[in-house]
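**Q**
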Amino acid sequence: MNDEQLIADLHTRWVFGWERDEGDTPFDFQRTFGEFYDFGSPDVRLYDDFDPEQRVATTATEYGSIWEPSFHKMISAHHAVDDGPHVIADHDLAASTLTFVARITRPDATTDIRTTTSLVWRRTPDGWRIVREHNSAKVLPAGDLDGILPTHGAP
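Be aware that the sequence shown starts at 1, since it is given in UniProt numbering, and climbs by one per residue.
1. Taking its Cβ as the centre, do 16 or more other Cβ atoms sit within 10 Å of Ala57, making it buried, or is it exposed?
2. Below 8 Å, can you find three or more Cβ-Cβ pairs linking the region 104-113 to the region 123-134?
3. For the region 43-112, list the beta strand (DSSP E) runs that are entirely contained and at least 3 residues long, ordered along the chain.
4. Using a Cβ distance threshold of 8 Å, determine whether the region 15-22 contacts the region 68-82, with at least three qualifying pairs required.
5. Helix, strand or coil: how does DSSP classify Glu133 here?
6. Quick one: residues in its chain with C-beta nearer than 6 Å to the C-beta of Asp48, no 5 flanking neighbours on either side, listed in chain order?
7. Could you tell me whether the region 139-148 touches the region 117-125, using the rule of 3 or more Cβ pairs below 8 Å?
8. Would you mind stating whether Glu68 and Phe27 have Cβ atoms separated by less than 7 Å?
9. Tell me, which residues are paired with Thr115 by DSSP?
10. With a threshold of 6 Å on Cβ separation, who are the neighbours of Gly112 within its own chain once the five nearest residues in sequence on each side are excluded?
11. Return the bridge partner residues of Thr124 from the DSSP annotation.
12. Roughly how many angstroms separate the alpha carbons of Glu62 and Ile88, rounded to a whole number?
13. Do Pro85 and Ala137 come within 7 Å of each other at the CB atom, strictly closer than that value?
14. How is the alpha helix (DSSP H) around Thr32 delimited, first residue to last?
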C-alpha cells in the first residue's frame, strides 16, 4: 500500500471513529483517536467550525476536551463519506480532504450536517499522525439525510 492509499484509509477510518450508538461506552477521545493524532507535537492546530465557540486547539488532548462533553450527551452520531478522500503525500507530510454527511441525535434535537474536512498528516516513528485539521460544517434541512445513512455502525 502506498502513502496515498494509507492516508486515504486512515482518513476514512477517522470519520467513523466519531460514530456513536445509543448505549455506547462513554466517548474517550484519546482511546478512540490515539492512532490518528500526534498527541506529542508542539505545533498541532485543530479547528472545527461546528464547535459553537470555534476554538483552535493546539494539542490533541485539548481538541478532545472540546468534543468529549458534546459526545457524552449524544444519543447517536452516524456518518457516510460523501466525497473523497483526496490525498497528496510527500516524504514526511501529506494532506487529505474528505466530505462526509452525519446525523447527530441529541435528547433535544436531531441535526443533519455536511462537513468538508482537511487534514495534514506528518510521518512519525509511529506512523502518519494528524497535525492540522480544519472542518467546515453546514447544517442541512431537517430530514435531508433520510435513507442515506446507516441506522447504526460504520458501513
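Using N, Cα and C, we set each Cβ at its ideal position, and we do this for glycine too.
**A** The answer reads as follows:
1. Burial is judged here by how many other beta carbons sit within 10 angstroms of a residue's own beta carbon; Ala57 has at least 16 and is buried.
2. Contact between the region 104-113 and the region 123-134 is absent, because fewer than three Cβ pairs lie under 8 Å.
3. Within the region 43-112, the complete beta strand (DSSP E) runs of at least 3 residues are 45-48, 76-89 and 93-105.
4. Counting Cβ pairs under 8 Å, three or more are found: they touch.
5. Strand.
6. Contacts found: Asn135.
7. Fewer than three pairs of CB atoms, one per stretch, sit closer than 8 Å, so the region 139-148 makes no contact with the region 117-125.
8. Less than 7 Å separates the beta-carbon of Glu68 from that of Phe27.
9. Answer is Phe100 and Ala137, bridged to Thr115.
10. The sequence shown places Asp at residue 112, not Gly. Excluding positions up to five away in sequence, the list reads Arg103, Leu140, Asp144 and Leu145.
11. Answer by DSSP bridge pairing, in chain order: Gly127.
12. Taking the straight line from one Cα to the other gives about 27 Å.
13. Not closer than 7 Å, so no.
14. For Thr32, the uninterrupted alpha helix (DSSP H) run begins and ends at Phe29 to Phe33, by DSSP.
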